[in-house]
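Q: In full-length UniProt numbering, the protein residues as written are 1 to 263.
Handing you a structure now.
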Amino acid sequence: MGRLTDQDSEARRQRRIAGVPNAADFSEALARGLAVLSAFSAENRRLTQADIARELGLSRATVRRAVLTLEHLGYLVADGRAYELSPRILRLASGYLTSNVTSAVMQPVCDRICARLQEACSVAVLDGADAVMIARAVPNRLIQVGSGIGFRTPAALSSLGKVLLACLPPDESARGLAAVEAAGGSVDEVALDRIRRDGYCYVANDVEVGAHSIAVPLRRWDGRVIAAMHVGCNIERFSAEVMRGEVLPLLREAADELHDQLV
């Protein structure tokens, strides 16, 4: 997570807000409030103001104002000196999930592929250096822990993320690859070229030892890639040959089906 330091020099401040069309229109108070919310995660469910200040590199006073405001608005709940996200935080995500085609179009396709293969099927979009799941189906035999909708994984490691990076439009590619490198990841340009040529990405043991996955891009009606879909499983369940010979055609069929429905 990028640090928003109170005592940044002017040069650092300008670099931090690089990419904002008009710096005068950039609200640092809003940015810091959102940064406070993003400090919470599966590993950091309860945080004190001191924890948040240390994580974000902000002063205690700045964090206190943001935290108390978010508590007043109902997005944080106090438990002694610590704070937790409240269920109201789901309002921020529900608008996205209900205003696009995730529930109506992508989720049923994931459900169908999952039922047929009895393996997990997911759809993700690119958010900075991460691939973020926006639809996911898991067979009943698996226990899903922390990897549902909203789960993030480094784009440079996962098949979903690599497909999304490979398919970035030319005007967004440099920015996307820079975000990955800034987060400590590395990008193999040769591998991305191969993904663009083949139209899919297969990875094994990259995110989890003993697991592999295969992903394809999801293109909307005008050809622009807006998401990626993959199937992932234990290597002992399906061989690499089965993933390419049987699972890949199912994913490509699903991508073709979704093509005219994605806007």
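From the three backbone atoms N, C-alpha and C, an ideal C-beta is built for every residue, glycine too.
Using a 10 Å radius around the Cβ and a threshold of 16 neighbouring Cβ atoms, would you call Q7 buried or exposed?
A: As a position in the sequence shown, residue 7 is number 7, starting the count at 1. For Q7, the predicted model reports a pLDDT of 44, less than 50, meaning its position is unreliable; a value from the coordinates is still stated below. Classification for Q7: exposed.
Q: For E257, which residues of its own chain have a beta-carbon under 8 Å away from its beta-carbon, when the five flanking residues on both sides are left out?
A: Against the sequence shown, residue 257 aligns to sequence position 257. Cβ neighbours of E257 within its own chain (closer than 8 Å, five residues either side excluded): V109.
Q: Tell me the start and end of each unbroken alpha helix (DSSP H) in the segment 40-118 that is at least 4 residues and wholly inside, in chain order.
A: 49-56, 60-72, 90-99, 107-117
Q: Pick from E253, L92, Q107: whose alpha carbon is nearest that of V138?
A: Locating residue 138 in the sequence shown gives position 138, where the first residue counts as 1. Of the candidates E253, L92, Q107, the one whose C-alpha sits nearest the C-alpha of V138 is Q107.
Q: What is the DSSP secondary structure of I134, counted as helix, strand or coil?
A: For the purposes of this step, residue 134 is taken as the residue at position 134 of the sequence shown. Residue state, collapsed to three classes: strand.
Q: Would you call E43 buried or exposed, if buried means 16 or more other Cβ atoms sit within 10 Å of its Cβ?
A: For the purposes of this step, residue 43 is identified with residue 43 of the sequence shown, where counting begins at 1. Label assigned to E43: exposed.
Q: Tell me, please, whether the segment 28-37 touches the segment 49-68 by the rule of three or more beta-carbon pairs shorter than 8 Å.
A: yes
Q: Which one of E181, N140, R252 has the shortest CA to CA distance from G128?
A: Taking the first residue of the sequence shown as position 1, residue 128 is located at position 128. The shortest C-alpha separation from G128 is found at E181.
Q: List the endpoints of the continuous alpha helix (DSSP H) containing R244.
A: For the purposes of this step, residue 244 is identified with residue 244 of the sequence shown, where counting begins at 1. Run containing R244: none; DSSP gives neither H nor E here.
Q: In its own chain, which residues sit with a C-beta less than 6 Å from the C-beta of G161, not counting the 5 before and 5 after it?
A: Position 161 of the sequence shown, counting from 1, holds the residue named residue 161. Contacts found: A131, A155.
Q: For A120, I'd like the list of residues in its chain whose CB is within less than 6 Å of its CB, leaving aside the five on either flank, ordered along the chain.
A: Along the sequence shown, one-based indexing puts residue 120 at 120. Around A120: V138, G232.
Q: Tell whether a beta-carbon distance below 8 Å holds between L168 and I226.
A: Counting from one through the sequence shown, the residue named residue 168 turns up at place 168. Counting from one through the sequence shown, the residue named residue 226 turns up at place 226. Judged by their CB atoms, L168 and I226 are not nearer to each other than the 8 Å cut-off.
Q: Which residues does DSSP pair with S122 in a beta bridge?
A: On the sequence shown, residue 122 is found 122 positions in, with the first residue counted as 1. Answer is R136, H230, bridged to S122.
Q: Kindly indicate the opening and closing residues of the alpha helix (DSSP H) around A211.
A: Against the sequence shown, residue 211 aligns to sequence position 211. From DSSP, A211 is part of no alpha helix (DSSP H) but of the beta strand (DSSP E) over 211-219.
Q: For the candidate residues R237, I89, R175, R244, whose alpha-carbon lies nearest to that of C201?
A: Taking the first residue of the sequence shown as position 1, residue 201 is located at position 201. Answer by Cα proximity: R244.
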